[in-house]
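Just below is one structure, and these are the notes that go with it.
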Amino acid sequence: MINEFYKEMTGKGSVIREFFTYATKKAAEIGAENIFNYSIGNPSVPVPQAFTDYMMELLQKEDPVKLHGYSPSLGLDSTRCAVAESLNRRFGMNYTKDEIFMTSAAAGAIAHALRCVTKEGDEVITFAPYFPEYVPYVTGCGAKLTVIPADTDTFQINFEEFEKALNPNVSAVLINTPNNPSGIVYSTETVKKLAAMLEEKQKAFGHDIYLITDEPYREIVFSGTDAPFVSKFYANSLCCYSFSKSLSLPGERIGYLAVNPACKDAKTIVLMSGQISRFTGHNCPPSIIQLAVEKVLDMTSDISVYEKNKEILYKALTDMGFSIVKPGGTFYMFPKSPIPDANEFCWTAAKELNLILVPGDSFLCPGHFRISYCVTTDMVERSLPAFEKLYKMYK
2 MINEFYKEMT GKGSVIREFF TYATKKAAEI GAENIFNYSI GNPSVPVPQA FTDYMMELLQ
62 KEDPVKLHGY SPSLGLDSTR CAVAESLNRR FGMNYTKDEI FMTSAAAGAI AHALRCVTKE
122 GDEVITFAPY FPEYVPYVTG CGAKLTVIPA DTDTFQINFE EFEKALNPNV SAVLINTPNN
182 PSGIVYSTET VKKLAAMLEE KQKAFGHDIY LITDEPYREI VFSGTDAPFV SKFYANSLCC
242 YSFSKSLSLP GERIGYLAVN PACKDAKTIV LMSGQISRFT GHNCPPSIIQ LAVEKVLDMT
302 SDISVYEKNK EILYKALTDM GFSIVKPGGT FYMFPKSPIP DANEFCWTAA KELNLILVPG
362 DSFLCPGHFR ISYCVTTDMV ERSLPAFEKL YKMYK
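Just so you know, we're using the working numbering here: the sequence shown kicks off at 2 and counts up by one.
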């Protein structure tokens with residue numbers, strides 16, 4: 002008999018993918034240049050040339066057996082060392098390779114982190130708006146996901162509701178900063194307050210509470226934004242990172258789990274991750290990609306286009322009348338819909354104006370919609386009349 006749990010999931014498709022699929026079909030009918038597709042977060046700028054050059058050098062000069070062979074369960078030692086040194090250099094930490102586990106991007110890191118620090122029936126808290134895949138990540142390891150309602154004025158943490166939700170069953174808190182879909186970056190003040198609250202509750206409940214940080218957009222932070230490295234402020238922190246956004250490598254599925262050296266059982270958690278891989282079939286990312294990212298750890302793609310797109314959209318849309326909390330990073334913004342039903346609003350945009358947006362309901366923040374502006378600046382500028390027409394349809 003097939004597994005009914007996963008069978009049921011097949012009927013619950015992603016809203017993001019639904020709009021993306023609609024855009025793809027429509028583009029085939031009328032031409033991609035006539036679709037303003039803001040549906041999906043696929044980086045639109047190329048990988049740094051240094052990465053490509055080093056990949057070519059590896060292919061031409063490295064021993065093919067080494068290059069294409071299995072890496073150790075925890076990842077290549079040289080890559081783990083390089084990641085630790087980069088984090089220490091940039092953020093004043095003291096990681097060693099023993100606190101680094103190489104993963105298939107941030108999704109793999111989160112999946113391992115959750116299994117390391119939760120058991121069947123535990124509770125994991127996150128904050129709206131949140132990435133919808135947190136649901137399968139958490140429920141897939143037997144835990145329960147509790148979502149704290151959004152503070153839609155700032156999209157910082159809603160501490161009043163968070164404190165009400167904290168209870169002895171909570172074993173982990175999962176945060177995403179810079180945030181998808183809001184583009185907001187948790188401030189140093191927010192992170193300090195969160196850390197202090199978790200320290201207090203650890204003592205009150207008599208057990209550790211782990212802070213799992215989902216950080217694929219960590220490098221995409223705009224000028225003037227306060228963007229702390231969260232792990233500096235809380236010992237029991239597990240940082241989940243992906244090179245998909247910063248280096249424009251989403252298809253290569255490469256990232257890491259970095260366990261704060263001050264975390265209780267830090268090295269054991271990394272060793273546990275290797276064992277968890279035996280159950281999930283993770284078995285490490287490709288050796289060649291691990292070797293290549295070693296050389297570009299402190300680089301990014303030319304992400305300046307995202308800030309340029311943000312400035313154009315934010316000014317134009319707020320001038321039109323849209324209400325938006327200004328993003329501090331990522332390549333997303335999360336305006337308020339002019340009508341309560343953001344699904345109706347987004348389908349009208351798609352069908353009437355070929356403007357593809359994503360409603361905020363799946364991020365547990367109804368009445369808002371996401372714009373993913375990792376697109377060409379030319380498309381952004383050409384889409385502005387469509388946004389204006391859309392707004393006027395409801396005002």
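Ideal Cβ placement from N, Cα and C applies to all residues, glycine included.
Supposed contact pair residue j and residue i - C-beta distance, whole angstroms, cut 8 Å
| i | j | result |
| --- | --- | --- |
| Ala236 | Asn261 | 6 Å |
| Phe206 | Pro169 | 5 Å |
| Leu248 | Val297 | 6 Å |
| Cys285 | Ser74 | 6 Å |
Identity of the residues DSSP links to residue i by a beta bridge
| i | result |
| --- | --- |
| Arg371 | Val359 |
| Ala205 | Its beta-bridge partners do not exist; DSSP assigns none. |
| Val125 | Leu146 and Ala173 |
| Asn180 | DSSP lists no partner for Asn180. |
| Leu212 | Val174 and Ser238 |
| Thr469 | Nothing about residue 469 can be reported from this structure: the residues present for the chain run from 2 to 396 only. |
| Val222 | Gly330 |
Cα-Cα separation, residue i to residue j
| i | j | result |
| --- | --- | --- |
| Tyr96 | Leu88 | 7 Å |
| Pro133 | Phe364 | 6 Å |
| Glu164 | Gly109 | 29 Å |
| Arg254 | Ala106 | 5 Å |
| Thr377 | Ile185 | 22 Å |
| Val306 | Tyr374 | 9 Å |
| Ser238 | Lys311 | 31 Å |
| Glu19 | Asp64 | 44 Å |
| Thr269 | Pro217 | 24 Å |
| Lys67 | Met56 | 14 Å |
| Tyr242 | Ile31 | 38 Å |
| His208 | Val148 | 21 Å |
| Phe335 | His369 | 6 Å |
| Ile221 | Ser79 | 26 Å |
| Ala317 | Leu385 | 7 Å |
| Lys145 | Lys62 | 49 Å |
| Val125 | Gln203 | 14 Å |
| Ile36 | Asp123 | 44 Å |
| His69 | Glu201 | 48 Å |
| Tyr187 | Ile3 | 43 Å |
| Glu308 | Val48 | 17 Å |
| Leu115 | Phe21 | 29 Å |
| Leu77 | Pro367 | 43 Å |
Simplified DSSP state of residue i, which is helix, strand or coil
| i | result |
| --- | --- |
| Ser172 | strand |
| Lys145 | strand |
| Met2 | coil |
| Asn38 | strand |
| Met394 | helix |
| Ile188 | Sequence inspection shows Ser at residue 188; the Ile mentioned does not correspond to that position. It is coil, neither helix nor strand. |
| Gly330 | strand |
| Lys13 | coil |
| Val297 | coil |
| Ser243 | strand |
| Lys316 | helix |
| Lys337 | strand |
| Gln50 | helix |
| Thr378 | helix |
| Gln157 | coil |
| Pro229 | coil |
| Lys265 | coil |
| Asp303 | coil |
| Lys120 | coil |
For this session: Indicate whether the contact test is met: 3 or more Cβ pairs, each with one atom in the stretch 207-222 and one in the stretch 173-182, closer than 8 Å.
Result: yes
Problem set entry | Any 3 or more C-beta pairs closer than 8 Å across the stretch 149-166 and the stretch 188-202 | yes
For this session: Could you tell me whether the stretch 42-58 touches the stretch 270-283, where touching means 3 or more Cβ pairs closer than 8 Å?
Result: no
Exercise. Is the stretch 342-361 close to the stretch 382-396, with three or more CB pairs under 8 Å?
Worked result: yes
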